[in-house]
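Here the sequence shown is numbered in the working numbering, starting from 50 and rising by one per residue. Glycine included, C-beta positions come from ideal geometry on N, C-alpha and C.
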Amino acid sequence: MKQSLWINGTNHETEVYKPLYSPFDGKKLAEVAAATDEDVKLAIEAAYRARKTMAEMPAYQRAEILERVTAQLKEEREECARLIAEESAKPLKAARAEVDRTIMTYTFAANEARRIHGETVPLDGAPGGEGRLAYTIREPLGVIAAITPFNFPMNLVAHKVGPAIAAGNTVVLKPASQTPLSSYKIAQYFQKAGLPAGALNVVTGSGKTVGDALINDERVKKVTFTGSPAVGRYIRENAGLKRVTLELGSNSAVIVDQEVDIAKIIPRIVSGAFAYQGQVCISVQRIFVHESLFEAFSKAFVAEAKKLRVGNPLEEETDVSALISREDVKRAKGWVDEAVARGAELALGGVEEDAVLHPTVLLHAELTEKVSCEEIFAPVVHINRFSSFNEALEMVNQSQFGLQAGVYTNDVNRAFKAARTLEVGGVMINDIPTFRVDNMPYGGVKLSGTGREGIKYAIEEMTELKLVSFKLD
Ligand code: NAP
């Protein structure tokens, strides 16, 4: 299959096409267009020209377009799940769950499109403000550049395209090079749903080439980026006065306090650590267990993790499959070996098999080891003990990241203390940090980024607040 760019509502040929391979077995999936600087300019031009049409489109029409996209996703759920599984090696079960979440995300976007509104402002609260009626309205920004990672190729695109279209913006979308096909599929759905030409353009190619062309163009009013901290920092430093939302990585932690029923929570924590091979920005990477439960917890956790089926992402039974690249297998395995050489105990895994790293559990890794303090983005987790709850909170905060944290405790005072103390964008009491539904505010602090997604919150960042004041007679 040859996949061209999607610009101004039509396929756009370019000079260079690059082969796309399955991360699991290396099978060739497609030849994908690699956009030049000129191609990106054309896409921006198309989005720029479409911005007035979109800004003038009534809310109900924007909502209906989004609803028609969800209808197509529902109809082709299985086809979409297979596409995600093939290009990203996400096991089918997880790929289906991603399609379901994508449907929810566009549904929320359709709902929010209908209720974007401002408020009245009591200007007479200040001397000199009397005799006026004032209100705010929210206007679309215009052209938004959306840059997305490989790990949720449909749903993270939905978290950018959904609110952008809901608010009447236009989009140039740059998906990750490993997972472009899901984005082209979505562009087709929007086309069939009646989105005006130019309102959504998809440009694939080198992150640096496409990224720079988007970041440096004055017509682009906002860059919304999900991906690694290094690229996020580069965008922030080069985006000038554009608005920037950055959804970056983490090394998320969960605390298991004393007297918690561990049998009840272990399957959930195992899934938080190993779902999609740990390549989730809120994957459980660090587990802190009260010393009274540490031995029992570690044993039961390893026993549960052993049940995971490793294999082909397209097989129904598979829980864990290939990492996105062989280099990532080498990198993650290297970090595990390094931690073990310096005293961590390998309780499970550490085994490399072609493109797969088997689920790996370490005990007592130092918090300064890369497996702990860097984002591993692989099926690797470590379990450490703590003796006081305050110590556990400190260990969670001892991180350059701060996306979400989970705390299992039966003590309400400790729960409130955790909620106040943890330096993260979201605290999940009695749950794993890997919890997300698509209408909640989502985003991080520290190196995990700035800004929030979750449709309503993304819309706030994708609109300009305008004040209107009427001086009355
Ligand atoms: P990545 O390497 O940073 O890539 C993300 C996107 O940025 C890709 O489309 C990539 O294109 C593009 N890119 C690369 N270099 C660029 C540049 N110089 N300028 C502009 N764009 C550039 O991240 P990834 O490996 O795909 O994804 C994993 C990371 O995403 C992890 O750190 C994970 O935690 C984070 N993430 C965060 C969230 C969240 O919501 N906080 C959610 C999911 C993932 P190419 O593919 O062509 O290089």
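Rounded to whole angstroms, R358 and F346 show a C-alpha spacing of 21 Å.
Judged by DSSP in its simplified three-state form, K356 adopts coil rather than helix or strand. Bridge pairing for H339: F435 [DSSP]. The beta carbons of R501 and G492 sit closer together than 8 Å. Residue burial is scored here from C-beta neighbours: V65 has fewer than 16 other C-beta atoms within 10 angstroms and is therefore classed as exposed. The C-beta of G260 has 16 or more other C-beta atoms within 10 Å across all chains shown, which makes the residue buried.
Of all alpha-carbon atoms in Q52, P278, T219 and I311, the one lying nearest the alpha-carbon of A92 is that of T219. For S137, the enclosing alpha helix (DSSP H) starts and ends at R126 to S137.
The continuous beta strand (DSSP E) containing E296 extends over residues R292 to E296. Contact annotation: the region 231-238 does not touch the region 273-292, with fewer than three C-beta pairs closer than 8 Å.
For M103, no pairing in a beta bridge is given by DSSP. For secondary structure counted as the alpha helix (DSSP H) over 4 or more consecutive residues, the region 246-329 holds these complete runs in sequence order: 256-264, 278-287 and 311-323. In terms of Cβ geometry, P202 and E136 form a close pair [threshold 8 Å]. Nearest neighbour of R100 by Cα position, chosen from V473, G399, V400 and K270, turns out to be K270. When only Cα atoms are considered, A468 and V309 end up about 18 Å apart. An exposed status is given to F519, since fewer than 16 other beta-carbon atoms sit within 10 Å of its beta-carbon.
Taking a contact to require three or more Cβ pairs closer than 8 Å, the region 124-133 and the region 270-286 do not qualify as touching. In terms of CA proximity to L397, K356 leads the group K356, T59 and Y283. For M153, the enclosing alpha helix (DSSP H) begins and ends at L141 to A162.
If you check the C-beta of A225 against ligand 1, you find a heavy atom less than 7 Å away.
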